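For reference, the structure discussed in these notes is given below.
2 protein chains.
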Amino acid sequence: MLIVISYTNPEPIFRQIMEQIKIAIASGDLKEEEKLPSIREMAQELKVSVITVKRAYTDLETEGWLVTRPGLGSFVARVSRSDLKEEKRNEIKKVLLDIVDTAAQYGITAEEVAGLLASIENERKGS
Amino acid sequence: MLIVISYTNPEPIFRQIMEQIKIAIASGDLKEEEKLPSIREMAQELKVSVITVKRAYTDLETEGWLVTRPGLGSFVARVSRSDLKEEKRNEIKKVLLDIVDTAAQYGITAEEVAGLLASIENERKGS
DNA sequence: TATACTGTGTATATATAATATATACAGTTA
DNA sequence: TAACTGTATATATTATATATACACAGTATA
Numbered sequence: 025m026l027i028v029i030s031y032t033n034p035e036p037i038f039r040q041i042m043e044q045i046k047i048a049i050a051s052g053d054l055k056e057e058e059k060l061p062s063i064r065e066m067a068q069e070l071k072v073s074v075i076t077v078k079r080a081y082t083d084l085e086t087e088g089w090l091v092t093r094p095g096l097g098s099f100v101a102r103v104s105r106s107d108l109k110e111e112k113r114n115e116i117k118k119v120l121l122d123i124v125d126t127a128a129q130y131g132i133t134a135e136e137v138a139g140l141l142a143s144i145e146n147e148r149k150g151s
Numbered sequence: 025m026l027i028v029i030s031y032t033n034p035e036p037i038f039r040q041i042m043e044q045i046k047i048a049i050a051s052g053d054l055k056e057e058e059k060l061p062s063i064r065e066m067a068q069e070l071k072v073s074v075i076t077v078k079r080a081y082t083d084l085e086t087e088g089w090l091v092t093r094p095g096l097g098s099f100v101a102r103v104s105r106s107d108l109k110e111e112k113r114n115e116i117k118k119v120l121l122d123i124v125d126t127a128a129q130y131g132i133t134a135e136e137v138a139g140l141l142a143s144i145e146n147e148r149k150g151s
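Chains as they are written, first to last, in the working numbering: chain P, 25 to 151; chain Y, 25 to 151.
Encoded structure:
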């Protein structure tokens with residue numbers, strides 16, 4: 025599993041790890057019931073403390089994406105793939121809602137926000 | 025000037041203050057050259073430390089929205105209103121770009137994101 | 001079958017940086 | 001000098017990250 029952490033990224037390391045594991049699950053790169061690298065393995069690969077990786081795994085378990093068994097390892101939880109995608113959709117919707125509200129306070133209309141989004145898609149197609 | 029801070033909001037207090045001052049400037053509620061409440065006044069109103077308000081004012085000055093004169097007070101900088109709106113537009117575009125990228129990693133298309141945004145607007149009109 | 005080995009996760013104590021505070025200091029004007 | 005203004009210093013609390021010592025699970029082997 026390829027995980028890359030950035031020290032310039034203000035996001036804490038354990039969250040960067042969490043996010044990339046979620047993406048691995050959502051993309052099918054990590055399958056249900058599959059064993060993840062041990063916290064020591066991953067800590068060594070990322071040149072990061074074991075505790076930091078543990079924090080990422082523990083939080084992912086709390087959110088229901090992993091199951092950890094002491095002495096055995098951590099495993100991808102059941103039925104997490106489509107759930108993860110749905111969770112992300114809701115998360116995105118919440119952020120969009122916040123954007124529209126904030127924009128309004130600055131006198132930027134919802135139509136204008138939609139226009140910005142459309143311009144991003146067009147620029148993407150162009151390249 | 026009405027500012028409301030929330031302790032459940034994970035955003036630090038000084039950033040909540042900054043954001044609401046920016047909105048007051050963008051909306052014209054605070055005009056160019058106008059004097060802001062003294063840090064002590066605002067600290068007392070918000071039941072918050074003077075240092076926290078100072079931090080907000082100092083950062084706003086660094087970003088160019090305020091000018092502070094020791095012994096006199098803090099004042100809205102010149103030509104900040106339209107600049108602020110433009111800055112916000114750029115900020116929003118950056119966030120939208122990030123959303124589209126992240127969504128793609130979860131197998132959510134840009135069209136789907138646009139759809140979510142459209143649904144928000146529709147729900148708003150409905151209410 | 002007992003036990004030692006090697007893998008796994010866990011708990012405790014510590015360091016550093018960001019946020020928020022209280023209190024003492026200094027500039028401006030009347 | 002009085003009554004405003006912002007500023008500087010030292011301290012507390014919380015989040016993030018770490019090192020090190022501990023405990024659990026499976027397996028090889030004496």
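For glycine and all other residues, C-beta sits at the position ideal for the given N, C-alpha and C.
None of the values given here were measured: they were computed from a predicted structure.
Cα-Cα separation, residue i to residue j
i	j	result
Arg148(Y)	Ser62(P)	47 Å
Arg102(P)	Pro34(P)	32 Å
Pro94(Y)	Lys78(Y)	12 Å
Ala142(P)	Glu110(Y)	18 Å
Gly131(Y)	Ile47(P)	9 Å
Phe159(P)	Gly52(P)	Because chain P is modelled from 25 through 151, residue 159(P) falls outside the range shown and cannot be assessed.
Ile27(Y)	Gln40(Y)	9 Å
Glu87(Y)	Ala134(Y)	32 Å
Tyr81(P)	Thr32(Y)	25 Å
Asn146(Y)	Thr76(Y)	39 Å
Thr92(Y)	Leu60(Y)	10 Å
Gln68(P)	Gly150(P)	41 Å
Bridge-paired residues (DSSP) for residue i
i	result
Thr92(Y)	Ser98(Y)
Lys59(Y)	Phe99(Y)
Candidates the options: closest to residue i by CA position
i	options	result
Leu140(Y)	Thr32(P), Ser73(P), Asp125(P) and Ile116(P)	Ile116(P)
Ser98(P)	Asp107(P), Ile27(P), Met66(P) and Gly150(P)	Met66(P)
Ala50(Y)	Asn114(Y), Gly150(Y) and Asp107(Y)	Asp107(Y)
Arg105(Y)	Thr32(Y), Tyr31(Y), Pro36(Y) and Lys55(Y)	Lys55(Y)
Arg113(P)	Gln129(Y), Thr92(Y), Arg113(Y) and Asn146(Y)	Gln129(Y)
Beta-carbon spacing of residue i, residue j below 7 Å
i	j	result
Val119(P)	Ala127(P)	no
Leu84(Y)	Met42(Y)	yes
Ile45(P)	Leu70(P)	no
Ile144(P)	Leu121(Y)	yes
Val100(P)	Glu58(P)	yes
Arg64(Y)	Val72(Y)	no
In chain order, what residues of the stretch 105 to 129 of chain P put their CB closer than 8 Å to some CB of chain Y?
-> Leu108, Lys109, Lys112, Arg113, Ile116, Lys117, Val119, Leu120, Leu121, Ile123, Val124, Thr126, Ala127 and Gln129
Where the stretch 78 to 90 of chain Y meets chain P: residues whose CB sits under 9 Å from a CB there | none
Cβ-based contacts, 8 Å cut-off: residues of the stretch 49 to 64 of chain Y near chain P = Ala50 and Ser51
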